[in-house]
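In full-length UniProt numbering, the protein residues as written are 1 to 283.
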Ligand code: PLP
């Protein structure tokens, strides 16, 4: 199931071709995107996602996106989607057609079903390997042209890392920096629980500020947890009471195995944090 909408709110055939072959999003990966979870017809963290789309676009020096148009397109997808099924809603914004003097960006919203493997991982947890990402935590600030921490559509490296994980018998990845600190997953934020405190690394080290991590921290604080945004050493991962990958579609997924070694059972902490996260959207 797929539903496609444009920024004027019109729906289009998602099986038909709409992009030109000379779209710079396709030719150079020159564009930005968001993936939003829609549960019970409600788009979770819509405003933070739209704000992050605008932030990523600014990092790539794209024209400011028409956020009202993206909201209209999102609404059109949600309205056309059958009841009772979650949506992974993608907002896509590219530099448009190569050589277009008007420089008109390409923009659309595409709803797809949440992948079965992701739904399974939400319940069963995942096995993760740490992989080097090859940059230092201070590089993002020194070298803004590298676009570290933007949600650019150039995810080929992230996907290659997932294939490397599969080769090593794991399902997901935690990237590490050259100083041995924790960055993020290829499509997720790293959250560690230790002694009733949740930790996540700061986005200033060149990682994406996660909307799900932020929501989880809001819910967890209400439930009595302390939350801290500070650097995490890779060596600390195995010492945690619980290690989690968070993202809009995977929610709060438990890491049960790290670099081939089973972690202590964190199912009780996971249950508690899932409830704290869901409490943000109930009532
Ligand atoms: N980091 C990266 C590189 C991502 O691609 C994602 C989401 O896909 C995240 C973190 C988590 O962000 P969010 O919780 O807003 O989905």
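For each residue, glycine too, the CB sits at the ideal point set by N, CA and C.
The shortest C-alpha to C-alpha distance from residue 98 to any of 240, 192, 20, 190 is the one to 20. In the displayed model, residue 222 falls within a helix according to three-state DSSP. Sorting 263, 261, 246 by C-alpha distance to the C-alpha of residue 122 places 246 at the top.
Residue 193 sits in a strand when the DSSP states are folded into three classes. Secondary structure at residue 281: coil, using DSSP grouped into helix, strand and coil. Looking at the DSSP output, residue 211 bridges to nothing. Each of 25, 137, 3 was checked against the Cα of residue 16, and the nearest Cα belongs to 3. Between residue 248 and residue 212, the C-beta gap is smaller than 7 angstroms, which places the two residues in contact. Collapsing the DSSP output to three states places residue 254 in a strand.
Considering only 277, 56, 135, the residue with the shortest C-alpha distance to residue 181 is 135. The three-state secondary structure of residue 243, taken from DSSP, is strand. Taken in chain order, the whole alpha helix (DSSP H) runs of length 4 or more contained in the segment 97-125 are 116-124.
The three-state reading of DSSP puts residue 51 in helix, counting H, G and I together. Residues of the same chain with a CB within less than 7 angstroms of the CB of residue 220, apart from the 5 flanking positions on each side, are 198, 227, 273, 276 in chain order. In this structure, residue 137 sits away from residue 36, with a CB-CB distance that is not shorter than 7 angstroms. Under the three-pair Cβ rule at 8 angstroms, the segment 143-158 does not count as touching the segment 122-131.
Inter-residue distance for residue 236 and residue 168 is about 22 angstroms (C-alpha atoms, whole angstroms). Per DSSP, the beta bridge partners of residue 127 are 257. The C-alpha of residue 62 is placed about 20 angstroms away from the C-alpha of residue 207. The nearest non-hydrogen atom of the ligand PLP is less than 6 angstroms from the C-beta of residue 184. Judged by DSSP in its simplified three-state form, residue 187 adopts coil rather than helix or strand. Here DSSP, grouped into helix, strand and coil, assigns residue 30 to coil. The C-alpha of residue 54 lies about 32 angstroms from the C-alpha of residue 164. Of the candidates 233, 184, 79, 107, 184 places its Cα closest to the Cα of residue 244. Apart from the 5 residues on each side of it in sequence, residue 39 sits with its Cβ closer than 6 angstroms to the Cβ of 86 in its chain, given in chain order.
For residue 45, no pairing in a beta bridge is given by DSSP.
Around the beta carbon of residue 132, fewer than 16 other beta carbons lie within 10 angstroms, which makes this residue exposed. Around residue 139, the same chain offers 146, 148, 206 as residues with beta carbons nearer than 8 angstroms, after the five sequence neighbours per side are excluded. If you draw a straight line from the Cα of residue 186 to the Cα of residue 8, it comes to about 32 angstroms.
Closest in C-alpha terms to residue 48, from the list 34, 58, 59, comes 34.
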